[in-house]
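Below is one structure, written out as structure tokens; the observations come after it.
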Ligand code: ADP
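Numbering (the numbering used here), first residue to last: 9 to 338.
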């Protein structure tokens with residue numbers, strides 16, 4: 009039997025280029041090769057307490073963006089996490105196997121706790137257990153994610169293995185992070201540091217629904233420095249980031265051309281950014297168009313969500329029934 013693939017993206021905002029290259033680009037390929045479950049992580053979005061109107065709008069927006077990118081709801085299972093409460097039940101069971109110390113050591117938890125000291129809720133602490141439940145509820149073995157999720161994947165394996173050992177079964181597989189390339193992807197932001205992310209601040213992320221003008225504006229404002237002062241000088245992070253983005257959307261020749269200019273110190277960052285902006289527009293514009301078209305088609309989106317719920321529930325019911333039996337519930 010082929011490995012089951014499971015992955016999701018939080019519905020806390022629109023999809024950005026990091027979500028695309030870290031996750032969705034792999035979803036698109038994998039849907040033709042494996043049984044796939046892709047969800048909108050709306051339970052996960054509750055850690056920041058969205059209001060009900062925003063919650064609903066964001067769920068539908070992410071479904072629309074998945075569709076615009078090329079996920080086919082007839083081939084893969086595309087669903088809302090909250091439509092499958094079986095995940096919440098498995099989350100409860102896995103939480104009994106998760107230790108406070110190991111949850112507190114998770115890097116993303118420490119980061120969030122530092123940034124939002126006023127809202128360190130238990131949902132944030134147990135984020136990795138909910139992620140493990142998301143994947144294990146379908147007995148997922150492959151998880152297409154970006155590099156930032158490596159530690160969460162390790163915890164999924166820990167919890168699944170602990171369950172297997174405690175009940176002396178060989179039930180849950182060991183989920184592995186997956187990328188079609190040789191390594192997991194990290195798309196940098198435009199602010200000169202770290203990764204592109206929804207919550208990293210204004211101007212850091214390029215969204216798949218951004219219009220051409222917004223894309224150009226954000227890229228022209230991207231952080232750079234005063235330029236190389238020696239031949240073949242190593243690139244500082246901000247410049248590396250611009251080249252990394254260019255590598256994703258521009259032709260190899262274009263990247264090489266600017267690389268050479270950097271190395272021989274003739275580079276003009278204005279030209280570099282202008283080129284990146286034009287290539288980015290060519291990449292994002294067709295996606296943004298599709299997103300805008302799908303937004304006009306409410307009935308279709310509702311149908312897709314209902315279809316996904318039915319398929320995901322069948323798989324989740326099977327797992328939770330077996331898990332309850334293993335635990336001893338009758
Ligand atoms: P965000 O970080 O934007 O809130 P999520 O945490 O919901 O997004 O992550 C959804 C998926 O997108 C995960 O697989 C994650 O690894 C991937 N992802 C998010 N940001 C990036 C990035 N900058 N580079 C690569 N992958 C990313």
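For every residue, glycine included, the Cβ atom is placed at its ideal position computed from N, Cα and C.
Here the structure is a predicted model, which is why all the values come from computation and not from measurement.
Would you tell me roughly how many angstroms separate the C-alpha atoms of residue 60 and residue 66, rounded to the nearest one? The residue you call residue 60 lines up with position 52 of the chain shown. The residue you call residue 66 lines up with position 58 of the chain shown. Whole-angstrom Cα-Cα distance: 10 Å.
In terms of residues, what are the limits of the alpha helix (DSSP H) holding residue 77? Position 69 of the chain shown, counting from 1, holds the residue named residue 77. Where residue 77 is concerned, the enclosing alpha helix (DSSP H) starts and stops at 60-77.
Assumed close pair residue 215, residue 24 - CB separation to whole angstroms, cut-off 8 Å: Residue 215 sits at position 207 when you count from the first residue of the chain shown. Residue 24 sits at position 16 when you count from the first residue of the chain shown. Rounded, the Cβ-Cβ distance is 5 Å, consistent with contact.
At a cut-off of 7 Å, is residue 118 close to the ligand ADP when judged by its beta-carbon and the heavy atoms of the ligand? Indexing the chain shown from 1 puts residue 118 at position 110. Result no, Cβ not under 7 Å from the ligand ADP.
Stretch pair the segment 292-305 + the segment 101-108: three plus CB contacts closer than 8 Å: By the Cβ test, the segment 292-305 is not in contact with the segment 101-108, since fewer than three Cβ pairs between them sit closer than 8 Å.
I want to know whether the segment 27-40 touches the segment 273-285 - three or more CB-CB distances under 8 Å. At 8 Å Cβ cutoff, the stretches do not touch.
What is the DSSP secondary structure of residue 52, reduced to helix, strand or coil? Taking the first residue of the chain shown as 1, we reach residue 52 at position 44. Three-state result, residue 52: helix.
Examine the ligand ADP and report whether any of its heavy atoms sits within less than 7 Å of the Cβ of residue 123. Residue mapping note: residue 123 aligns to position 115 of the chain shown, counting from 1. Not under cutoff, so the answer is no.
Which residue comes first and which comes last in the alpha helix (DSSP H) that contains residue 16? Sequence index remark: in the chain shown, residue 16 carries index 8 (1-based). DSSP places residue 16 in no alpha helix (DSSP H) but in the uninterrupted beta strand (DSSP E) bounded by 13-18.
Hey, which unbroken runs of the alpha helix (DSSP H) at 4 residues or more fall wholly within the segment 99-153? List check, alpha helix (DSSP H) in window: 108-112, 115-123, 130-133 and 135-144.
Closer than 7 Å: residue 24 CB and nearest the ligand ADP heavy atom: Sequence index remark: in the chain shown, residue 24 carries index 16 (1-based). Because some heavy atom of the ligand ADP lies under 7 Å away, the Cβ of residue 24 counts as near it: yes.
Could you pull the start and end residues of the alpha helix (DSSP H) that residue 222 belongs to? Stepping through the chain shown from its first residue, residue 222 is reached at position 214. Run containing residue 222: 220-228, per the alpha helix (DSSP H) assignment.
Answer yes or no: do residue 1 and residue 312 have a C-beta to C-beta separation smaller than 8 Å? Missing from the structure shown is residue 1; the chain here goes from 9 to 338 and no further.
Determine the burial state of residue 242: buried for a count of at least 16 other Cβ atoms within 10 Å of its Cβ, exposed for fewer. Position 234 of the chain shown, counted from the first residue, corresponds to residue 242. Answer is exposed; the Cβ neighbour count stays below 16.
Apart from the five residues on each side of it in sequence, which residues of its chain come closer than 8 Å, Cβ to Cβ, to residue 172? The residue you call residue 172 lines up with position 164 of the chain shown. Result list for residue 172: 178, 179 and 180, in chain order.
Between the Cα of residue 27 and those of 328, 196 and 234, spot the shortest distance and give me the residue it belongs to. Start at 1 with the first residue of the chain shown, and residue 27 comes out as number 19. Put simply, of 328, 196 and 234 the residue whose alpha carbon is nearest the alpha carbon of residue 27 is 196.
I'd like to confirm something about residue 18: is its beta-carbon nearer than 7 Å to some heavy atom of the ligand ADP, or not? Stepping through the chain shown from its first residue, residue 18 is reached at position 10. Yes, the beta carbon of residue 18 sits closer than 7 Å to at least one heavy atom of the ligand ADP.
Burial state of residue 160 (16 or more Cβ within 10 Å): Looking up residue 160 in the chain shown gives position 152. Buried: at least 16 other Cβ atoms inside 10 Å.
Any heavy atom of the ligand ADP closer than 7 Å to the Cβ of residue 203? Working through the chain shown from its first residue, we reach residue 203 at position 195. For the ligand ADP, at least one heavy atom lies less than 7 Å from the Cβ of residue 203.
Would you say the beta carbon of residue 157 comes nearer than 7 Å to a heavy atom of the ligand ADP? As a working note, residue 157 is residue 149 in the chain shown. At least one heavy atom of the ligand ADP lies closer than 7 Å to the C-beta of residue 157.
If you check the beta carbons only, do residue 31 and residue 19 fall under 8 Å apart? Locating residue 31 in the chain shown gives position 23, counting from the first residue. Locating residue 19 in the chain shown gives position 11, counting from the first residue. No, Cβ-Cβ distance for residue 31 and residue 19 is not below 8 Å.
Proximity winner among 257, 315 and 300, relative to residue 290 (alpha-carbon distances): Within the chain shown, residue 290 is the residue found at index 282, counting from 1. The option with the nearest alpha carbon to residue 290 is 257.
Per-residue DSSP class, three states only, for residue 160: Mapped onto the chain shown, residue 160 falls at position 152. Residue 160 falls in the helix class under three-state DSSP.
Pull the bridge partners of residue 203 from the DSSP assignment, please. As a working note, residue 203 is residue 195 in the chain shown. Its beta-bridge partners are 196.
Residue ranges of each alpha helix (DSSP H) within the segment 229-294, 4 or longer: DSSP runs (the alpha helix (DSSP H)) wholly in the segment 229-294: 245-257 and 260-271.
Residues bridged to residue 24 [DSSP beta-bridge criterion]: In the chain shown, residue 24 corresponds to position 16, counting from 1. Answer is 215, bridged to residue 24.
For residue 115, does the count of other Cβ atoms within 10 angstroms reach 16, so buried, or fall short, so exposed? As a working mapping, residue 115 is identified with position 107 in the chain shown. Exposed is the call here.
I'd like to check one pair, residue 335 with residue 175: are the Cβ atoms closer than 8 Å? For the purposes of this step, residue 175 is taken as the residue at position 167 of the chain shown. For the purposes of this step, residue 335 is taken as the residue at position 327 of the chain shown. Yes, these two residues count as a Cβ contact at 8 Å.
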